[in-house]
Amino acid sequence: MVDQPPARRPAAPPAGRVYLDVPYAEKDQAKACGARWDPTGRRWCDPQPPTTGLDRWTGLPDVPDLLPGEDRRFGSGLFVDMIPRSCWFTNVRTCVTPKDWERLARMVYGRAGHRCEACGAGLDRAAGRRMEAHERWAYDEHTGVQALRRLISLCNHCHLSTHLGFANVTGRADQALNHLRAVTGMSDHEVFHHVHTAGEMWTRRSARTWTLDLSILTDAGVTPARPEPADARPAAAERALRQAPTPAPGRVSGWRGQGVASQQPPQGPPHDTPGAGLA
Ligand SMILES: [Zn+2]
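When you number the sequence shown by the working numbering, it's gap-free, plus one each residue, and the end is 287.
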């Protein structure tokens, strides 16, 4: 486990420029309209404000580095953390606007110094390593409340290990397990039990519906949209999974023989936060 100290983020753009909030999916469009990437601030900016056509990406105030009520010690380290089937698509990214997600992800990466808070690795484009924002949830099985407790910066390799079910259905279970083993130092035996326990927990949590608590966002001024009705989430998840960008060659190929015997994980959800906020 590596908890990074908060990192100071540039408070102001270069002289004469204005920062924008450009969702990753809209970066090419913004660039075509005149937006330029500021590598120091790791953020798109208007180089000669006001530029016609860039107003739709006008930057909003930063969200605080510590969200109200957020617990940055909650869920430290790397572990399999599959989203219950009945919770799919109640994640943060699907509940806020793309611009708000951009603000949140930028805060998460910035306070972590653009490093992974699980393995400590930094950005490395040449090696295909990028940062992704992941949500840590607390599930109260007594009240049925799924509460967002923390946002965490994970590298794409740690994020894949976290979503082991998704890794499995996209043919990357070996990759995910090898990374989990390397980062945590777990033995094959320990990995087996860890995956088995995570699968049991996933099955139990998937057997019920959950009420979403996003108060750490609402108290920070982010307005969530209404998530899909609980009874519609599994079907929506299945549709999205079929459209997942990564094909699933040999759903559980390699799952055996990696020290986890014949243990097969449940299928997991599509990635919740792939590469958001990076140019
Ligand atoms: Zn990592």
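The C-beta atom is built at its ideal place from N, Cα and C for all residues, glycine as well.
Remember, predicted model here, so these are calculated numbers, not experimental data.
- Looking at the DSSP output, V104 bridges to nothing.
- Rounded to whole angstroms, L68 and H201 show a C-alpha spacing of 45 Å.
- Counting other Cβ atoms within 10 Å of its Cβ, H197 stays below 16 and is therefore classed as exposed.
- Sequence-distant partners of R213 (beyond 5 residues in either direction) whose C-beta falls short of 8 Å from its own C-beta, in its chain, are P92, S94, C95, Y147 and E149.
- Boundaries around H142 are those of the beta strand (DSSP E), M139 to D148, since no alpha helix (DSSP H) includes it.
- G118 is positioned such that its CB atom lies no closer than 8 Å to that of D227.
- Checking the 7 Å criterion, the Cβ of L162 is within range of a heavy atom belonging to ligand 1.
- When DSSP states are grouped into helix, strand and coil, C163 belongs to the strand group.
- Between S169 and V88 the beta-carbon gap is near 7 Å, inside 8 Å, which marks them as a contact.
- Across the set V30, L159 and C163, the C-alpha of C163 shows the shortest separation from the C-alpha of A135.
- D36 carries a helical assignment under DSSP once its states are collapsed to helix, strand and coil.
- The continuous alpha helix (DSSP H) containing W210 extends over residues D196 to S214.
- Per the C-alpha coordinates, the member of R138, R44, D182 and H171 positioned closest to A206 is H171.
- By the CB criterion at 8 Å, A141 and L159 fall inside the cutoff.
- Distances taken from the Cβ of H165 to the heavy atoms of ligand 1 include one shorter than 7 Å.
- Taken from the Cβ of A134, every heavy atom of ligand 1 lies 7 Å or farther away.
- Inter-segment contact for the segment 18–31 and the segment 49–56 is present: three or more beta-carbon pairs are separated by less than 8 Å.
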